[in-house]
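Per our numbering, residue -13 is the first one in the sequence shown, and the count goes up by one each step. Ideal placement from N, C-alpha and C gives every residue a C-beta, glycine not left out. In this text the structure is predicted, and so the values were computed from the model without any measurement. Report on the following structure.
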Amino acid sequence: MNAPESPYRLDAALCAAADRVEAKVVAWRRDFHEHPELGNREVRTAAAVAAHLRALGLDEVREKVAVTGVVGVLRGGKPGPVVALRADMDALPVKEEVDVPFASKAVAQWNGQQCGVMHACGHDAHTAILMGVAEVLAGLRAELAGTVVFLFQPAEEMPPIGEEGGARLMVEQGCLADPKVEAVFGLHVTSIHPTGRIGYRSGPLMASADQFRVFIRGTQTHGAMPWRGVDPIVVGSQVVMGLQTIVSRNLNLAKEPSVVTVGVFQGGVRDNIIPDEVKLEGTIRAFDEGQRDEIHAHVKRITEMISAAGGAKANVHIHRGYPVTVNHEGLTAFSVPSLSRVAGEANVQVVDKVCGAEDFAYYQQAVPGFFYFVGCTPPERDARTAAPNHSPRFYLDEACLKLGVRTLATLAVDWLASRAA
């Protein structure tokens, strides 16, 4: 058996190719930014992606995967394993407040409401970066020992109510199966790190995200005679306080952090009428799937028991959202030297866990995966106070785009070379 071929010989070629494609990546990003599309509606974006992949001569380009997704397959000139690279394409129902020439003026319907549409999370950058990676690697096809699968995914920010979509549907429809993917890489731009900085973490990186909805039924009465009824507002208030004991008193905080937050408390229409019912809504975030299940059980038990003690009845509904985003330990250890070679060792750092969620987790449940952050706040701005992702003022320094192209392309080339016989 021959020794694995060193990937380092391609570093200069990857760097030169990233330089050549940078202007295109910037142009693509600006075009997508000016014409954003919501989840499962990325028709224009997907068409641009598919046309680009076909122009590169990829072996296979599949459209309408998971509604509007695109999957491209590039087979290298030498036999070898299969690696996947992922980008998400969808925008958010947010009205842009950033003063750039290519600012979005788009409006659309989202769950029955008209709203502004903006790439407030940087998915325009992710899509443009992966298009650039596809061009770089297509130019090095003869040198690749294996196959690269490009996953352009819709609806990471959730599809409209009543629709399926996103990474879970991509996996269900076989995006990792034909050809059979053995590892997957993905990145996310973030304003909490400066341009040039790479953030990563082995194991749990981003939290699961679940929604709970509670209806507490009391007995309506006049506000001047509360003893003649059961006040669901008082009971609901006690439930809110009780839910705050789940993390502080029921979970092992030395293992993993977690969050239970009530974001909606609705009840009543008049100051002197105690209503029949109140509604609570909230989010559950966890970094361990076992603790996630524990929290669900505690939410149900605490809500029902406090309500019953107050003479009310509670109905608890918990919707399981994205799982925990868990970076594979071995793939993380493999990836860090590659990232350091491209960005410089001082710019590649372990970061804190993030309570936001990512449906990249579904790929990681199917195959080993590694997900990392690329800083996008320009040096003249303070990343500690920069508008966060999902803000209408989210700003992306386009100097980060080439680093995204180089790191993703290098990870793919290095991984294929490391597995080649």
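- Query: What first and last residue would you give for the beta strand (DSSP E) that runs through His282?
  - Reply: By one-based count along the sequence shown, residue 282 stands at place 296. Unbroken run through His282 is the alpha helix (DSSP H), Glu275 to Ala295; no beta strand (DSSP E).
- Would you tell me roughly how many angstroms separate the C-alpha atoms of Lys81 and Gly249, rounded to the nearest one? For the purposes of this step, residue 81 is taken as residue 95 along the sequence shown, with counting starting at 1. For the purposes of this step, residue 249 is taken as residue 263 along the sequence shown, with counting starting at 1. Using only the alpha carbons, I get a separation of about 22 Å.
- Message: Between Thr113 and Met75, how many whole angstroms is the CB-CB distance? I'm expecting something under 8 Å.
- Response: Position 127 of the sequence shown, counting from 1, holds the residue named residue 113. Position 89 of the sequence shown, counting from 1, holds the residue named residue 75. Yes, Thr113 and Met75 are in contact; Cβ-Cβ is about 5 Å, under 8 Å.
- Item | Ala13 versus Phe201 - alpha carbon distance | By 1-based counting over the sequence shown, the position of residue 13 is 27. By 1-based counting over the sequence shown, the position of residue 201 is 215. Distance between the alpha carbons of Ala13 and Phe201: 49 Å.
- Task: Note down the Cα distance separating Asp(-3) from Thr396, rounded to an integer number of angstroms.
- Result: In the sequence shown, residue -3 corresponds to position 11, counting from 1. In the sequence shown, residue 396 corresponds to position 410, counting from 1. If you take the alpha carbons of Asp(-3) and Thr396, they lie about 8 Å apart.
- Message: My output table needs one value for Met(-13): the three-state DSSP class, helix, strand or coil.
- Response: Here residue -13 refers to the residue found at position 1 of the sequence shown. Because the pLDDT of Met(-13) is 40, which lies under 50, any placement of that residue in the model is unreliable, and the number read from its coordinates should be weighed accordingly. Looking at Met(-13) - three-state DSSP - the assignment turns out to be coil, as it is neither helix nor strand.
- Quick one: what's Tyr349 bridged to in DSSP? Your numbering for residue 349 matches position 363 in the sequence shown. Answer is none; Tyr349 lacks a bridge partner.
- Message: I need the straight-line Cα distance from Gly43 to Cys161, nearest angstrom please.
- Response: For the purposes of this step, residue 43 is taken as residue 57 along the sequence shown, with counting starting at 1. For the purposes of this step, residue 161 is taken as residue 175 along the sequence shown, with counting starting at 1. Whole-angstrom Cα-Cα distance: 19 Å.
- How many whole angstroms separate the CB atoms of Pro378 and Ala106, which I take to be in contact at a CB cut-off of 8 Å? One-based indexing of the sequence shown puts residue 378 at position 392. One-based indexing of the sequence shown puts residue 106 at position 120. Correct: roughly 6 Å between the Cβ atoms.
- Message: I need the boundaries of the alpha helix (DSSP H) containing Asp196, first residue and last residue.
- Response: As a position in the sequence shown, residue 196 is number 210, starting the count at 1. Element bounds for Asp196: not the alpha helix (DSSP H) but the beta strand (DSSP E), Ser194 to Arg203.
- Item | Residue burial classification, His305 (beta-carbon count within 10 angstroms, cutoff 16) | Here residue 305 corresponds to residue number 319 of the sequence shown, with the count starting at 1. His305 is exposed by the Cβ-count criterion.
- Item | Beta-bridge partners of Asn301, as assigned by DSSP | Sequence index remark: in the sequence shown, residue 301 carries index 315 (1-based). Paired residues: Phe201.
- Task: Have a look at Pro309 and Lys64 and give me their C-alpha separation to the nearest angstrom.
- Result: To locate residue 309, count along the sequence shown from 1; it is residue 323. To locate residue 64, count along the sequence shown from 1; it is residue 78. Straight through space, the alpha carbons of Lys64 and Pro309 are spaced by roughly 36 Å.
- Query: When burial is assigned at 16 or more other CB atoms within 10 Å of the CB, is Thr54 buried or exposed?
  - Reply: Numbered from 1 along the sequence shown, position 68 holds the residue referred to as residue 54. By the neighbour-count rule (16 or more Cβ atoms within 10 Å), Thr54 is buried.
- Query: Would Gly296 pass as a contact of Gly204 if the rule is Cβ separation under 9 Å?
  - Reply: Residue numbering aside, residue 296 sits at position 310 when the sequence shown is read from its first letter. Residue numbering aside, residue 204 sits at position 218 when the sequence shown is read from its first letter. A contact, by the Cβ cut-off of 9 Å.
- Message: Suppose the cutoff is 6 Å on Cβ atoms and the five residues either side in sequence are ignored; what does the same chain contact list for Ala32 look like?
- Response: As a first step, residue 32 is located in the sequence shown; it is residue number 46 there, counting from the start. Annotation for Ala32: Thr54 and Val56 place their beta carbon closer than 6 Å to its own, counting only its chain and skipping 5 residues before and after.
- Flag this pair as yes or no: are the beta carbons of Ser177 and Ile270 separated by less than 9 Å? The sequence position of residue 177 within the sequence shown is 191, counting from 1. The sequence position of residue 270 within the sequence shown is 284, counting from 1. Going by C-beta atoms, Ser177 is not nearer than 9 Å to Ile270.
- Message: Ignoring anything shorter than 4 residues, give me the alpha helix (DSSP H) runs that lie fully in the region 140 to 196, in order along the chain.
- Response: If we require 4 residues or more, the alpha helix (DSSP H) runs fully inside the region 140 to 196 come out as 152 to 158.
- Would you kindly work out how many angstroms separate the C-alpha atoms of Ala372 and Leu317, rounded to a whole number? Numbered from 1 along the sequence shown, position 386 holds the residue referred to as residue 372. Numbered from 1 along the sequence shown, position 331 holds the residue referred to as residue 317. The alpha-carbon separation between Ala372 and Leu317 amounts to approximately 31 Å.
- Query: Can you name the start and end residues of the beta strand (DSSP E) that Ala454 belongs to?
  - Reply: The question about residue 454 has no answer, for the chain in this structure spans -13 to 407.
- Item | Exposed unless 16 or more other CB atoms sit within 10 angstroms - verdict on Ile288 | Walking along the sequence shown from the start, residue 288 turns up at place 302. Ile288 should be labelled buried.
- Just checking my contact of Glu142 with Pro67 at CB under 8 Å: how many whole Å lie between their CB atoms? For the purposes of this step, residue 142 is taken as the residue at position 156 of the sequence shown. For the purposes of this step, residue 67 is taken as the residue at position 81 of the sequence shown. With 8 Å as the limit, Glu142 and Pro67 do not qualify as a contact, their Cβ atoms being about 26 Å apart.
- Task: Please report how far the alpha carbon of Ala385 lies from the alpha carbon of Leu394, in whole angstroms.
- Result: Taking the sequence shown and counting its residues from 1, one reaches residue 385 at position 399. Taking the sequence shown and counting its residues from 1, one reaches residue 394 at position 408. Spanning the two alpha carbons is a distance of roughly 15 Å.
- For Glu280, I'd like the list of residues in its chain whose CB is within less than 8 Å of its CB, leaving aside the five on either flank, ordered along the chain. Numbered from its first residue, the sequence shown carries residue 280 at position 294. Only Asn236 and Leu237 meet the Cβ criterion.
- Item | Separation of Ala300 from Arg40, as counted between CA atoms | Position 54 of the sequence shown, counting from 1, holds the residue named residue 40. Position 314 of the sequence shown, counting from 1, holds the residue named residue 300. Cα-Cα distance, rounded: 55 Å.
- Task: Entirely within the region 312 to 398 and at least 4 residues each: give me those alpha helix (DSSP H) ranges in chain order.
- Result: The region 312 to 398 contains these whole alpha helix (DSSP H) runs: 315 to 329 and 347 to 352.
- Give a yes or no on contact between the region 334 to 347 and the region 183 to 194, applying the rule of three or more CB pairs nearer than 8 Å. Proximity of the region 334 to 347 to the region 183 to 194 meets the contact definition, three or more beta-carbon pairs being nearer than 8 Å.
- Query: Are at least three pairs of beta-carbons, each pair with one atom in the region 80 to 98 and one in the region 346 to 364, less than 8 Å apart?
  - Reply: No contact exists between the region 80 to 98 and the region 346 to 364.
- Could you check if His38 is buried or exposed, using at least 16 other CB atoms within 10 Å of its CB as the buried criterion? Walking along the sequence shown from the start, residue 38 turns up at place 52. Looking at its Cβ environment, which holds 16 or more other Cβ atoms inside 10 Å, His38 is buried.
- Message: Tell me which residue opens and which closes the beta strand (DSSP E) that Arg271 is part of.
- Response: Stepping through the sequence shown from its first residue, residue 271 is reached at position 285. Element bounds for Arg271: Glu263 to Ala272.
- Below 8 Å on the Cβ atoms is my guess for Val233 versus Ser223; work out the distance and round it to an integer in Å. What you label residue 233 is simply residue 247 of the sequence shown in a count that begins at 1. What you label residue 223 is simply residue 237 of the sequence shown in a count that begins at 1. Taking C-beta atoms under 8 Å as the contact rule, Val233 and Ser223 fail to qualify, at a distance of about 19 Å.
- Query: The beta strand (DSSP E) spanning Val59 covers which residue range?
  - Reply: The residue given as residue 59 occupies position 73 in the sequence shown. Segment Gly55 to Arg61, the beta strand (DSSP E) holding Val59.
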